[in-house]
Every structure is written in C-alpha cells, then in structure tokens.
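Everything below concerns the one structure shown next.
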Amino acid sequence: MPFTAKIVTVMLSCPSDVDEEIGWFFQAVREWNSLHSYHEEVAFLPVHYSTDALSGVGKHPQNLINEHLLENCDQVIGVFRSKLGTPTEKYPSGTVEEIDKHSKKNKPVSLFFYSGDIPREADPTQLAALNNYKEKMKTESLFWEYREKEGFKNHLNRALYAYRRQYLEEGTH
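The numbering of the sequence shown is my numbering, which starts it at 1 and goes up by one.
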C-alpha cells in the first residue's frame with residue numbers, strides 16, 4: 001500500500017578498509033526502512049561514494065564527493081577500522097574532511113570505531129593516525145565502538161532512530 005514519508009539522506013563516510021561495514025550499513029538501512037518507514041513516516045536513503053558519486057574532471061576527487069554527496073546529505077555515519085584514510089588537500093583523510101565539514105554545519109554525525117583485533121598487516125602509520133584521531137574525538141564527540149556485525153547494526157539502528165526523532169521534532173534536516 002502506498003504511503004507518504006520524508007526521505008532522509010544518510011551518507012556512509014569511511015576509509016577503504018571497511019568493506020564489510022559498507023555491506024552492513026546498506027543492509028541495516030534497508031531493514032530499518034522495511035520495518036519502520038511506514039509507521040514512522042521517515043525513510044532513509046543510504047549513500048556512499050562507491051555507489052553514488054559522479055565522476056568528474058578538473059577538481060580534487062574529494063571536492064567532487066563533497067559537492068555531489070556531502071552537501072546534499074542530512075546525516076553522516078563515520079566508520080573506522082584500522083586506518084584513517086587517504087589525505088586530501090586540507091585534511092588528514094577524506095573521511096575526516098566529510099565528518100568535519102558536516103558537523104560544522106550543525107548536521108548530525110555518528111561515529112563508529114572498530115574495537116576488535118586489528119590484523120598484523122595493518123599499516124602502523126595509518127593505525128597511529130587513527131588512534132590519534134580517536135583520542136581527539138573522545139573530547140569532541142560521543143562515539144560507539146563495535147566488534148561485530150550485530151553490534152554495528154544495533155548502534156546504527158539507534159543512530160537512525162535518534163535522527164528520525166530529531167528530524168521530525170525540529171522539522172528540519
């Protein structure tokens with residue numbers, strides 16, 4: 001049966017070492033929509049640069065991602081496992097840039113850090129950069145840690161519900 005719902009764009013921002021989490025993200029958002037969008041009158045549209053960014057020439061790739069995705073999204077979910085990511089023109093990584101730019105617009109950001117065992121082959125420089133960023137974020141945010149798929153999905157579901165409440169109460173996005 002057709003129904004009316006507000007569409008809220010949620011962007012997954014992450015470095016390249018979180019392939020599993022990308023799948024979990026899309027699955028969790030689909031499940032939330034299937035279970036709740038009809039009654040809650042909000043549906044989340046998940047986006048990620050690997051599936052939704054447009055190609056372009058003449059600008060830094062991160063600037064294209066920012067223009068095509070970040071500027072049009074309502075919520076950012078930042079996920080880190082064992083690396084901070086690829087540096088951009090002004091930031092230590094594209095993920096950090098997306099999180100910072102979105103939060104400076106007073107738009108919601110939820111952060112997730114993997115707390116399980118890190119593979120021995122992880123790049124020590126990237127791991128140190130990630131740990132420094134995580135320490136910094138302890139004083140600037142409240143974030144969730146996860147060890148497995150169900151923990152990640154449970155926290156993501158809570159973030160979606162919290163944003164849904166905020167979105168409907170404030171009447172903005």
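Idealized CB from N, CA, C, for every residue including glycine.
- Straight across, the Cα-Cα distance linking PRO119 with LYS83 is about 11 angstroms.
- Between the stretch 45-63 and the stretch 131-142 there are fewer than three inter-stretch CB-CB distances shorter than 8 angstroms, so the stretches are not counted as touching.
- THR139 sits exposed, since fewer than 16 C-beta atoms from the chains shown fall within 10 Å of its C-beta.
- Taking ILE99 as the centre and dropping the five residues before and after it, the same chain places the C-beta of SER13, VAL76, GLY78, VAL109 and LEU111 closer than 8 angstroms to its C-beta, in chain order.
- If you check the CB distance, SER37 and ALA28 do not come in under 8 angstroms.
- With contacts defined as CB atoms closer than 8 angstroms, PRO46 and PHE26 qualify as a contacting pair.
- Annotated three-state conformation of GLU140 is coil, per DSSP.
- The beta carbon of LEU64 sits closer than 6 angstroms to those of GLY56, all from its chain and outside the five residues before and after it, given in chain order.
- Ranking ASP74, LYS59 and GLN126 by CA distance to the CA of PRO92 puts GLN126 first.
- GLU148 is classed as exposed because its beta carbon has fewer than 16 other beta carbons within 10 Å across all chains shown.
- The alpha-carbon separation between GLU135 and PRO61 amounts to approximately 28 angstroms.
- Approximately 12 angstroms separates the beta-carbon atoms of LYS105 and ASN66; this is outside 8 angstroms, ruling out the contact.
- DSSP places PRO87 in the coil class of the three-state scheme, outside both helix and strand.
- Taking C-beta separations shorter than 8 angstroms and ignoring five residues to either side along the sequence, the partners of THR4 in its chain run GLU41, following chain order.
- Within the model, the alpha-carbon separation for PRO87 versus GLY94 is close to 6 angstroms.
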